[in-house]
Amino acid sequence: MAITTHISGFPRVGAKRELKFCVEKYWKNEASEQDVLNVAKEIRSINRNLQKAAGIDLVPVGDFSLYDHVLDTQVLVGAIPARFGFDAQNLSMKQYFELARGNKEQPALEMTKWFDTNYHYLVPEWSENTTFQAVLGNLKAQISEALADGVKVKPTIVGALSLLWLGKTKGGEFNRLNLLDKLLPVYVEILNEIKALGVEWVQIDEPILALDLPSEWLNQFQKVYGELAKTGVKILLGTYFGSVAEHIDLINNLPVAGVHIDCVRAPEQLSVFSGSLKDDKVLSVGFIDGRNVWRANLRQVFDILKPLADKLGSRLWVSSSCSLLHSPQDLGVEEKLSSEIKEWLAFGVQKLSEIGCLKTALNNGLDAVSSEFAASDKAVASRANSPLIHKAEVKQRIAALPANADKRQSDFATRIKAQQAVLNLPLLPTTTIGSFPQTTEIRQARAAFKKGTLSAADYEAAMKKEIAYVVQIQEELDIDVPVHGEAERNDMVEYFGEQMDGYTFTQFGWVQSYGSRCVKPPIIFGDVTRPKAMTVAWSSYAQTLTRRPMKGMLTGPVTMLQWSFVRNDIPRSQVCEQIALALNDEVLDLEKAGIKVIQIDEPAIREGLPLKRADWDAYLAWAGRCFRLSSMSVADSTQIHTHMCYSEFNDILPAIAAMDADVITIETSRSDMELLDAFVKFKYPNDIGPGVYDIHSPRVPSEEELTHLLEKALKVIPKERLWVNPDCGLKTRAWPETRAALELMVKVAKQLRQKYA
Ligand code: GLN
Ligand code: ZN
């Protein structure tokens, strides 16, 4: 009665991002199509070998992609938007990348976040005329390649219902579920073809089961899986990122051969499935965290799995919670991590070993894995007790917080009066979001300083020169609330993480964000503190250069959390609280240094929203509280700003208002101020600066556009509450367009100031 192991997917960019570099060269015509194919083949081969070595029984195929596996699924079912005019059956590599990146005639497919991960997929475009056809060349070739390698393969594809759900309707409203009748036969054909290659199992992912799914959609599962089961291929229904326990009856009634559940995100669903899953089905349990970097507590997992294995026998499969795509590839290549911290971690390669080790333990007994379990025990004990992680003063400080710690001393009406007395700002004050163009010189200076080839004194001089330049320009432009420009920051999270205790950084811990873009999230491993001031020197220096109120710039606690790998031994809300207090130290130091306006950026607050609506309020409550804690006990006269981007705030406006920032600047221009419609219903109580121009392109907005947007805003926002600013920071822009756009922005603000005075 052997236990089977498998995974849903493995990182595919290469341990040293080989695919990224090769593909980017190909885009620049510096590498050939064959070069790309060779690198891809090599990575797939390495990945298979890693899995073989670790004892993974069923190796996924279809998890590899040159850009995005959701795009690959669109190609697989021939769902290429007609606007490109491509022949799906004969899609060239060039055309494939044009779907992802656009070409001269056509914009790229839209991109959006894959559930609540930081991975972005390309959004299918659905119209009533969308047609489908099986385009199997690529998948079949990869299956054959893997079979030739002597592994047992388990093709893994995004299911028909999830694919339809994740797409967007284009060109007129219609129910995208109507496409199912056309799409389903194509999935049937795909399974038939796969089966003909000798494949026994296929994993079909329906992650939408973890969302709040309308019954209209749930009702289709029976039909879809009824049809697919007729092919005779054994189907493992893949779910992840949340509990699907509520669908146990639905799943039991599906003619699928097994179901995979995420026991990291939703461990509570295990008892439902172990108790009630029909005995014709395999239960695949994901206890190894595919989305985080922590080493598993093997003994604890084994103790859960053992009785399950006794009960289910070979019907128990062991896996990672979700695809390992969301985890870095290999801890082994890290050379600079402290050895103690390294012991607590597991990246993709290590996670494979953990899965393999659990299998050995279940099949052959604990004696067979005594050294692996001992090492895991040791790491668990060290994490529980290490002074690197646990700091009494942090816990005491949090315990001692008064109940109203997160409340400002006075209400907004009182505060804004006190602020106005100090700041003396005109009607429709102008400001920017923080960063100014990051020129090559700035980047070079930062890099040289990091490498040690530029002395601290020279680095400081270079940054000060940049700050002086940015302040001078803002004086010339007549911007009311200037900023120092953030030249010293490579990344808004890394910059602060590097200066806080409790954070660490990897050299190669890359995770694919989209296409060839990878991010290297910091790791929050322990209690967070701020040993010393992080931004005060730069902001104070900038303040000495102008009589205008210099705005201090910080990254907020929720964003610091959201864009990092977060420790899993305490709740995320508690980690966030610790970061908030560390930031509060900085806020108070800035205030003490005479900075009267402080912006605490929270661009990531919306992406932290749980997948199920029922969990939103709890999240928004602690996220809001942590934001407020980060500015606790500032004087009424100190003005707290926040900033958010990525639109779509309409549904959480009350929660945003409850953050009680004195001023919020928010991305809006790309949607022609759609956000403002929500203001008709919900009156945002404090000051607000809806972004008046998009910073994602070098295009300079026209005077008319700016006037139009601001006039539109003035219809729903009282003029005393309205600020004028761009959508977001300007660091990716060049100087000429930045200057031109800001000049116009100030000009229009002044015109309207006159008009409405
Ligand atoms: N202050 C940051 C900047 O201007 C904000 C960036 C962001 O919202 N993502 O760059
Ligand atoms: Zn922004």
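The sequence shown runs 166 to 922 under my numbering. We treat Cβ as the ideally placed atom computed from N, Cα and C, and that holds for glycine. Please read these numbers as outputs of a predicted model, since none were measured by experiment.
Legend entry - Touching by the beta-carbon criterion (3+ pairs, under 8 angstroms), the segment 453-460 and the segment 337-352: At 8 angstroms Cβ cutoff, the stretches do not touch.
Inset, instruction - Can you give me the start and stop residues for the alpha helix (DSSP H) that V534 sits inside? - result: According to the DSSP assignment, V534 belongs to no alpha helix (DSSP H), since it is labelled neither H nor E.
Inset, instruction - Tell me C683's beta-bridge partners as DSSP assigns them. - result: Its beta-bridge partners are Q677.
Legend entry - Residues bridged to S600 [DSSP beta-bridge criterion]: BP columns for S600 point to G650.
Inset, instruction - Measure the C-alpha to C-alpha separation of D576 and K582 and round it to an integer number of angstroms. - result: Approximately 10 angstroms between the Cα atoms of the pair.
Legend entry - Extent of the continuous alpha helix (DSSP H) to which F386 belongs: Looking at the DSSP string, the run of the alpha helix (DSSP H) that includes F386 is 385-394.
Inset, instruction - Tell me the start and end of each unbroken alpha helix (DSSP H) in the segment 196-257 that is at least 4 residues and wholly inside, in chain order. - result: Listed in chain order, the complete alpha helix (DSSP H) runs (minimum 4 residues) inside the segment 196-257 are 198-219, 234-241.
Inset, instruction - Spatial neighbours of L710 within its chain, please: CB distance less than 8 angstroms, with the 5 preceding and 5 following residues excluded, ordered by chain position. - result: Excluding residues within five positions, the ones whose Cβ falls inside 8 angstroms are I632, A633, V636, Q637.
Legend entry - Contact belief for D200 with T321 at Cβ below 8 angstroms, rounded distance in angstroms: In fact, because the Cβ distance is near 26 angstroms, the residues do not count as touching under 8 angstroms.
Legend entry - Cβ-Cβ distance between H748 and S798 below 7 angstroms: Here residue 748 turns out to be Leu, not His, going by the sequence shown. With contacts defined as CB atoms closer than 7 angstroms, L748 and S798 fail to qualify as a contacting pair.
Legend entry - Contact test: D766 Cβ vs ligand 1 heavy atom, cutoff 6 angstroms: A heavy atom of ligand 1 is found nearer than 6 angstroms to the CB of D766.
Inset, instruction - Within 10 angstroms of the Cβ of N890, are there 16 or more other Cβ atoms? Answer buried if so, exposed if not. - result: N890 comes out buried.
Legend entry - Three-way DSSP call (helix, strand, coil) for Y668 in this model: Y668 falls in the strand class under three-state DSSP.
Legend entry - Cutoff 7 angstroms; reference Q727; Cβ partners in own chain excluding five residues on either side: So the qualifying residues of the chain are A769, E772, G773.
Inset, instruction - Express the C-alpha separation of W279 and V288 in angstroms, rounding to a whole number. - result: Here the C-alpha atom of V288 lies approximately 10 angstroms from the C-alpha atom of W279.
Inset, instruction - Go ahead and pull the three-state DSSP assignment for E813. - result: Three-state result, E813: coil.
Inset, instruction - Using three-state DSSP, classify T724 as helix, strand or coil. - result: Assignment of T724 by DSSP, reduced to helix, strand and coil, places it in the helix class.
Legend entry - Stretch-stretch touch, CB-based, cutoff 8 angstroms, three pairs: the segment 688-705 with the segment 740-756: Flag = yes, the segment 688-705 and the segment 740-756 touch.
Legend entry - Inter-stretch contact (C-beta, 8 angstroms, three-pair minimum) for the segment 879-897 and the segment 590-610: Contact between the segment 879-897 and the segment 590-610 is present: three or more C-beta pairs spanning the two stretches fall below 8 angstroms.
Legend entry - DSSP-derived helix/strand/coil call for F730: In the structure shown, F730 sits in a strand (DSSP, three-state: E or B).
Inset, instruction - Can you grab the Cα-Cα spacing for the pair L362 / D237, in whole Å? - result: If I take the Cα positions, the gap works out to 20 angstroms.
Legend entry - Beta bridge counterpart(s) of W900 as assigned by DSSP: W900 is bridged by DSSP to nothing; it lacks a bridge partner.
Inset, instruction - Verify the contact flag: C810, CB atom, against every heavy atom of ligand 2, threshold strictly below 6 angstroms. - result: Yes.
Legend entry - Enclosing alpha helix (DSSP H) for K877 [first to last residue]: For K877, the uninterrupted alpha helix (DSSP H) run begins and ends at 868-881, by DSSP.
Inset, instruction - Using only the heavy atoms of ligand 1, determine whether one of them is closer than 6 angstroms to the beta carbon of S600. - result: S600 has its CB nearer than 6 angstroms to a heavy atom of ligand 1.
Inset, instruction - Check whether the Cβ atoms of V587 and S802 lie closer than 7 angstroms to each other. - result: Yes, they are a contact pair.
Inset, instruction - State the beta-bridge partners of T334 as determined by DSSP. - result: As computed with DSSP, T334 is found in a beta bridge with W291.
Legend entry - First through last residue of the beta strand (DSSP E) which encompasses T711: T711: not part of any beta strand (DSSP E); DSSP gives it neither H nor E.
Inset, instruction - Say whether the segment 343-352 touches the segment 282-302, bearing in mind that this needs 3 or more beta-carbon pairs closer than 8 angstroms, one atom from each stretch. - result: Counting C-beta pairs with one atom in each stretch, the segment 343-352 and the segment 282-302 have three or more that are closer than 8 angstroms, which means they touch.
Inset, instruction - Name, in chain order, the residues that DSSP records as bridge partners for Q764. - result: Its beta-bridge partners are M718, H806.
Legend entry - Cα-Cα separation between W888 and M910, rounded to whole angstroms: Taking the straight line joining both Cα atoms gives about 11 angstroms.
Inset, instruction - Would you decide whether D825 is buried or exposed? Buried here means 16 or more other CB atoms lie within 10 Å of its CB. - result: Counting Cβ neighbours within 10 Å, D825 comes out buried, since at least 16 surround it.
Inset, instruction - Would you mind sorting G650 into buried or exposed? The rule is 16 or more other CB atoms within 10 Å of its CB. - result: Counting Cβ neighbours within 10 Å, G650 comes out buried, since at least 16 surround it.
Legend entry - The alpha helix (DSSP H) enclosing D377, as first and last residue numbers: Per DSSP, D377 belongs to no alpha helix (DSSP H) and is neither H nor E.
Legend entry - Inter-residue CB distance, C487 and G451 (contact presumed, cutoff 8 angstroms): Contact between C487 and G451 holds: CB atoms are separated by about 7 angstroms, below the 8 angstroms threshold.
Inset, instruction - With V367 as the anchor, note down where its beta strand (DSSP E) starts and where it stops. - result: Element bounds for V367: 366-370.
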